[in-house]
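Q: Encoded as structure tokens, here's the structure I'll be asking about.
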Amino acid sequence: INFLLTKNGFLRDLLKLQSERKTPLEKKYNLLKTILESDGYFPLKIEAIYQIRNESFDKVSELFTIAIKSNDVAIRKAVAETISKVPLSFKAEYETLLNDKSYDTKQAAFVTLWKNFPEDHAKYLDIAKNWQGRNDKELRIFYLTACISYADVHDQDDQMASINALKAVSELKNYTSPSYESSVRQNALDSFLALYPENTEVLKNLVNATTHHKWQFTKYARDKIRALIKDEKYYNLFENLLPSLPDNEQFQLKRLLSK
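See below:
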């Protein structure tokens, strides 16, 4: 009974706070501050952060500072995902999100900082260089893609960036191969083909995916190939791959090319 009363009380408070969404900031500022400073359920605090996301930062900087100093993973994640423009005055605080335990927080913070402070790209890449993430290696693949993109801009004035990018390309390409789980391969295929859509080795790995034992991955691969071969250039690329493929892969690719 106590649990139900507590749960019902929380839901009541959340609904009441949600009803304040259109209330001017000055009329609810103290309420939002009290919630963020309280020991209340984190969804209440996330709702408070949601309600200040479109306000001028100078008006709500105190509230974001309270939120980011929280040790709650979900609240810090909400801050990472809510702020799109980071003022210099808040930069150091926001950068602490790069060290959070949450992979989603790390990635959201990295993207925002990358957009806001291009002069610090090298620093952020250095922070992220050992990121791995979940079993699907999404965070690692995200880092590799950023590393390659950085080198595309700075290869003339940063030799180390070029070296790191070559390593990143090799690692990313490797993740598209049959040596890895389908979730890793799918993330890697998406990223690699966005950068180098005509790489024959990776296109072969995409064809190989059509023979995988997981139907979701084979469907992904078939759909990807169908989308690519709408362009005659890619149709020809895949057609030229046929002689070098094993029989089972040839069979799958021929079916796709014939439709």
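In this note's numbering, the protein residues as written are 337 to 595.
Even glycine gets a Cβ: it sits at the ideal position worked out from N, Cα and C.
Find the nearest neighbour of residue 381 within the set 394, 404, 362, 360, judged by alpha-carbon distance.
A: It is 404.
Q: Short of 7 Å in beta carbon distance, which residues of its chain neighbour residue 484, apart from the five on each side in sequence? Order them along the chain.
A: Answer for residue 484: 501, 504, 505, 531, listed in chain order.
Q: With DSSP as the reference, label residue 456 as helix, strand or coil.
A: The answer is helix: DSSP assigns residue 456 an H, G or I state.
Q: What three-state label does DSSP hand residue 469 in the structure shown?
A: Three-state DSSP puts residue 469 in coil, outside helix and strand.
Q: Measuring CB atoms only, is the region 416-424 touching the region 448-464, in the sense that at least three cross pairs come out at less than 8 Å?
A: Result yes; three or more Cβ-Cβ pairs closer than 8 Å.
Q: Assign residue 446 to buried or exposed, taking buried as 16 or more other Cβ atoms, counted over all protein chains shown, within 10 Å of its Cβ.
A: Residue 446 is buried by the Cβ-count criterion.
Q: Quick one: is residue 578 buried, meaning 16 or more other Cβ sit within 10 Å of its Cβ, or exposed?
A: Exposed.
Q: Using the C-alpha atoms, what's the distance from residue 457 back to residue 511?
A: One C-alpha to the other measures close to 24 Å.
Q: Could you pull out every unbroken alpha helix (DSSP H) segment of at least 4 residues lying fully inside the region 340-410, listed in chain order?
A: Taking only runs of at least 4 residues, the alpha helix (DSSP H) segments lying wholly in the region 340-410 are 361-373, 378-387, 393-404.
Q: Since residue 470 contacts residue 436 with CB under 8 Å, what's their CB separation in whole angstroms?
A: In fact, because the Cβ distance is near 14 Å, the residues do not count as touching under 8 Å.
Q: Taking the alpha-carbon of residue 390 as reference, which of 462, 361, 555, 347 has the nearest alpha-carbon?
A: Ranking the options by Cα distance to residue 390, first place goes to 361.
Q: Please state whether the Cβ-Cβ distance between residue 516 and residue 475 is less than 9 Å.
A: Not a contact, by the Cβ cut-off of 9 Å.
Q: Hey, quick one: how far does the alpha helix (DSSP H) through residue 513 stretch, first residue to last?
A: Per DSSP, residue 513 belongs to no alpha helix (DSSP H) and is neither H nor E.
Q: Let me make sure I understand the geometry here. Which of 459, 519, 408, 461 has the alpha-carbon closest to that of residue 441?
A: Per the Cα distances, 408.
Q: Taking DSSP as the reference, what is the three-state secondary structure of residue 425?
A: Residue 425 falls in the helix class under three-state DSSP.
Q: By alpha-carbon positions, which one of 477, 540, 553, 353 ends up nearest to residue 580?
A: Here the closest residue by C-alpha is 540.
Q: On the DSSP letters alone, give me the boundaries of the alpha helix (DSSP H) that residue 568 sits inside.
A: Run containing residue 568: 568-577, per the alpha helix (DSSP H) assignment.
Q: Within the same chain, show all residues whose beta-carbon is closer than 6 Å to that of residue 416, passing over the 5 residues directly before and after it, in chain order.
A: Here the set comprises 433, 441, 444, 445.
Q: So, are the CB atoms of residue 569 and residue 534 less than 9 Å apart?
A: In this structure, residue 534 lies closer than 9 Å to residue 569 by Cβ.
Q: My output table needs one value for residue 439: the three-state DSSP class, helix, strand or coil.
A: Note: residue 439 maps to helix in three-state DSSP.
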